[in-house]
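Counted from 1, the sequence shown has number 213 at position 52 by the numbering used here; the numbering is strictly sequential.
All C-beta atoms in this analysis are idealised placements derived from N, C-alpha and C, irrespective of residue type, glycine included.
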Amino acid sequence: MKNVFRISYFVSRGSLFLLFLLPTAYCLLPSVVGAEVREAQAAGSFYPDDPATLRTLVTQLLNQQPEPAPSAPVPTVLIVPH
């Protein structure tokens, strides 16, 4: 019978990630499941408040961007404000 309590057992099978992920996910689950979606506070102030209009605007802005050059480096990090 293997000793499953040794750390090498988990590392050798690539399960160390799950060993930390599962308890963390279990602790965070109540805050995610019980969260309510709040109304948008800034809708219409600096972007359209109608979802269809906003979707169209975002699509137009994305379509205006030029295609990246084939030799352009792939970004390592993207910083996006929320």
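Straight-line gap, residue i to residue j (C-alpha atoms, nearest Å)
i, j, result
"Gln221", "Ala203", "21 Å"
"Leu231", "Asp211", "Note that residue 231 corresponds to Pro in the displayed sequence, not to Leu. So the two alpha carbons sit approximately 37 Å from each other."
"Glu200", "Ala213", "17 Å"
"Phe207", "Leu239", "23 Å"
"Tyr187", "Phe178", "14 Å"
"Pro209", "Leu215", "5 Å"
Assigned secondary structure, residue i (DSSP; H/G/I helix, E/B strand, else coil)
i, result
"Arg216", "helix"
"Ala201", "coil"
"Pro236", "coil"
"Pro184", "helix"
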